[in-house]
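S.K.: Protein chains in written order, with our numbering: chain L, 1 to 215; chain G, 1001 to 1215. The C-beta atom is built at its ideal place from N, Cα and C for all residues, glycine as well. Attaching a single structure in structure tokens format; questions to follow.
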DNA sequence: AATATTTTTATAACATGTGTCAATTATTTC
DNA sequence: GAAATAATTGACACATGTTATAAAAATATT
């Protein structure tokens, strides 16, 4: 990496660190580009040079933290693909739960911005991943052979992202959001699962309903 | 109504009409408060006096058009409550479809704004209505007696609103959005329906899946 | 009709995201 | 080391939602 690229990388990191510090210390509404530049010790123009827009800075913050919309692509095709689907959901949940207020603020700000490309690519990736896992589940006999993997995968991904959007807006706690997605996923998967996979999905669905009554 | 109230009502109407004219004629991004005041023939301050904020003007536009989040409360308890649920969905769909670009712009702008109260009340109303219809369906024996109407109604309402949010952001066509909600609703209702209601729901679900393949 | 109250208006201002543009500084190339 | 190139800076500007303030107009009260 040339020294110029090094300097850019360093400045990007400084800006991200400053953004995080402001959000954590002063709150999301204090994160203005002017304050960001000030805290990062950089001119107002530099974040635009290095990221493009305020929204892009926030996206970088999420990326940096390792957030991925989609359940991770799995190489180990021996394990249950449906379990991988829910594993991906659990990973997203854990990520956001690790610092709920912080990530919610960032996510909400990204969603509220009018940068359609951002969200489209996020949706696209999630859909593709979900479709791959559904196809795998069909191949493994967890889902019936007549299942349209593309359609079902898309449905599952959208169900997740739609709830995530509302979570970002502050409607639901983490727990409520997860419960909503799990319930939606289980119900739809139960319409397509093989007889072998049905019992565990059905009992998971029942457990979810009783758990909701408990709390 | 006093003359003062009359004048306010008249001005409110003028402002709404001007907003609609701008959105339709020049596009959503040309709807600025200054232009709105100009077209409405009113001072910049007046829309703030009469509505509160730009977002409130847009909400008034939706309300004026008769939009309701929730399926209409039904007095005729003889008919199928589940049918009423889907009827409400159809009504919302028809409303938005009647002028897709126009309403999508308004809805997206409202969602993108940071006025949490607005959205909360919308969510609250939808949840209550759905819960009422689910309870009715339980009472009629369409859904099993062990169904938790509050929980299920809430789940259904959220599933709808979450997709509506993504629709507003421009991800999906009307048709895709409806299909997503119908599929989610049918799958979950199938987990709770009585044996009598199952066949029609199951066949509706199958039809939806094959319809998706067709298009 | 005179006074008091409420609304609207006009004008200015502020904070914010973003863009412009020339000057400066740092780096690369020769 | 000199010339070329790239990145950063600084100062300013613009559009926008929103608020402040005082003057003017309309309406209500007596």
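Given residue 145/L, which residues of its chain have a CB within under 8 Å of its CB, disregarding the five upstream and five downstream residues?
M.R.: Contacts found: 138.
S.K.: Three or more C-beta pairs closer than 8 Å, one from the segment 1033-1040 of chain G and one from the segment 1064-1071 of chain G: is that the case here?
M.R.: The segment 1033-1040 of chain G, when compared against the segment 1064-1071 of chain G, does not touch it at the 8 Å Cβ threshold.
S.K.: Can you tell which of 1147/G, 1197/G, 1008/G has the C-alpha that lies nearest to the C-alpha of residue 208/L?
M.R.: Of the candidates 1147/G, 1197/G, 1008/G, the one whose C-alpha sits nearest the C-alpha of residue 208/L is 1147/G.
S.K.: Shortest alpha-carbon distance to residue 1023/G belongs to which of 1199/G, 1115/G, 1104/G, 1123/G?
M.R.: Closest by alpha carbon: 1104/G.
S.K.: Taking Cβ-Cβ distances shorter than 8 Å, what residues in chain L pair up with residue 1155/G?
M.R.: Near residue 1155/G (Cβ distances below 8 Å), the residues of chain L are 180, 183, 184.
S.K.: Tell me whether the beta-carbon of residue 187/L lies closer than 8 Å to the beta-carbon of residue 1204/G.
M.R.: Not in contact: residue 187/L and residue 1204/G (Cβ atoms no closer than 8 Å).
S.K.: Assuming residue 1181/G and residue 1159/G form a contact by the criterion Cβ under 8 Å, report the distance between their Cβ atoms to the nearest whole angstrom.
M.R.: At roughly 6 Å, the Cβ-Cβ gap stays under 8 Å, so residue 1181/G and residue 1159/G are in contact.
S.K.: Going by C-alpha distance, which of 1132/G, 1194/G, 1033/G, 1053/G is nearest residue 1155/G?
M.R.: Comparing Cα-Cα distances from residue 1155/G to each of 1132/G, 1194/G, 1033/G, 1053/G, the minimum goes to 1132/G.
S.K.: Quick check on DSSP: helix, strand or coil for residue 1143/G?
M.R.: It is a strand residue.
S.K.: Using a Cβ-Cβ cutoff of less than 7 Å, which residues in the same chain neighbour residue 1118/G once the five nearest sequence positions on both sides are dropped?
M.R.: Hits under 7 Å: 1055, 1059, 1110.
S.K.: Can you check the segment 1041-1115 of chain G for any alpha helix (DSSP H) of at least 4 residues that lies completely inside it and give the ranges in chain order?
M.R.: Within the segment 1041-1115 of chain G, the complete alpha helix (DSSP H) runs of at least 4 residues are 1046-1050, 1054-1064, 1081-1097, 1100-1112.
S.K.: When you compare each of 191/L, 27/L, 2/L, 83/L to residue 136/L by their alpha carbons, which one comes out closest?
M.R.: Selected option, being the one with the closest Cα: 83/L.
S.K.: At a CB distance below 8 Å, what residues from the segment 1118-1147 of chain G approach chain L? Give them in sequence order.
M.R.: Per Cβ criterion, the list reads 1119, 1120, 1123.
S.K.: Mind reading off the beta-carbon distance from residue 170/L to residue 1047/G? Whole number of angstroms is fine, and I expect it under 8 Å.
M.R.: Contact doesn't hold; Cβ gap of about 26 Å is too wide.
S.K.: Can you give the Cα-Cα distance for residue 1050/G and residue 1121/G, rounded to whole angstroms?
M.R.: The straight-line gap from Cα to Cα measures roughly 20 Å.
S.K.: In terms of DSSP beta bridges, what is residue 1193/G paired with?
M.R.: In the DSSP output, where bridge partners are listed per residue, residue 1193/G has 1143/G.
S.K.: Quick one: which chain G residues come within Cβ less than 7 Å of residue 33/L?
M.R.: Result: empty, since nearest Cβ-Cβ is about 18 Å, beyond 7 Å.
S.K.: CA-CA distance, residue 102/L and residue 149/L?
M.R.: One C-alpha to the other measures close to 35 Å.
S.K.: Excluding five sequence neighbours on each side, which residues of the same chain lie with their C-beta closer than 6 Å to the C-beta of residue 163/L?
M.R.: Closer than 6 Å at the Cβ level, and outside the excluded window around residue 163/L, lie 177, 180, 181.
S.K.: How should residue 71/L be labelled, buried or exposed, when 16 other C-beta atoms within 10 angstroms of its C-beta is the threshold for buried?
M.R.: Counting Cβ neighbours within 10 Å, residue 71/L comes out buried, since at least 16 surround it.
S.K.: Do we get a CB-CB distance below 8 Å when we pair residue 1028/G with the residues of chain L?
M.R.: Chain L contact via Cβ: absent.
S.K.: By the 10 Å Cβ neighbour count, where 16 or more other Cβ atoms means buried, how is residue 198/L classified, buried or exposed?
M.R.: By the neighbour-count rule (16 or more Cβ atoms within 10 Å), residue 198/L is not buried but exposed.
S.K.: Report the residue ranges of all alpha helix (DSSP H) runs contained in full by the segment 163-212 of chain L; include only those spanning at least 4 residues, in chain order.
M.R.: Runs found: 174-190.
S.K.: Tell me the rounded alpha-carbon separation between residue 1161/G and residue 20/L.
M.R.: If you take the alpha carbons of residue 1161/G and residue 20/L, they lie about 31 Å apart.
S.K.: Name, going along the chain, the residues of the segment 82-105 of chain L whose beta-carbon falls closer than 8 Å to a beta-carbon of chain G.
M.R.: Answer in chain order: no residues at all.
S.K.: Please compile the residues from chain L whose C-beta is within a distance smaller than 8 Å of the C-beta of residue 1116/G.
M.R.: Under the 8 Å cutoff, chain L gives 169, 170.
S.K.: Report the rounded CA-to-CA distance for residue 143/L versus residue 210/L, giving the unit in angstroms.
M.R.: Rounded to whole angstroms, residue 143/L to residue 210/L spans 25 Å at the Cα level.
S.K.: Buried or exposed for residue 206/L, going by 16 or more other Cβ atoms inside 10 Å?
M.R.: Result: exposed.
S.K.: Are the Cβ atoms of residue 1112/G and residue 112/L separated by less than 8 Å?
M.R.: Yes. Within cutoff.
S.K.: By DSSP, does residue 151/L sit in helix, in strand, or in coil?
M.R.: Three-state DSSP puts residue 151/L in a helix.
S.K.: Any beta carbon from chain G within less than 8 Å of residue 59/L's own beta carbon?
M.R.: Residue 59/L does not count as touching chain G.
S.K.: For residue 4/L and residue 1018/G, I'd like the C-alpha separation in whole angstroms.
M.R.: Cα-Cα distance, rounded: 52 Å.
S.K.: If you measure between the beta carbons of residue 166/L and residue 1165/G, is that distance less than 8 Å?
M.R.: It is a contact, given that the beta carbons lie within the stated cut-off.
S.K.: Looking at residue 191/L and residue 1089/G, is the spacing between their C-beta atoms short of 8 Å?
M.R.: Not closer than 8 Å, so no.
S.K.: Distance, Cα to Cα, residue 1174/G vs residue 99/L?
M.R.: Between residue 1174/G and residue 99/L, the C-alpha separation is close to 35 Å.
S.K.: By a C-beta neighbour count over all protein chains shown, 10 Å radius and 16 as the cutoff for buried, is residue 1044/G buried or exposed?
M.R.: Flag for residue 1044/G reads exposed.
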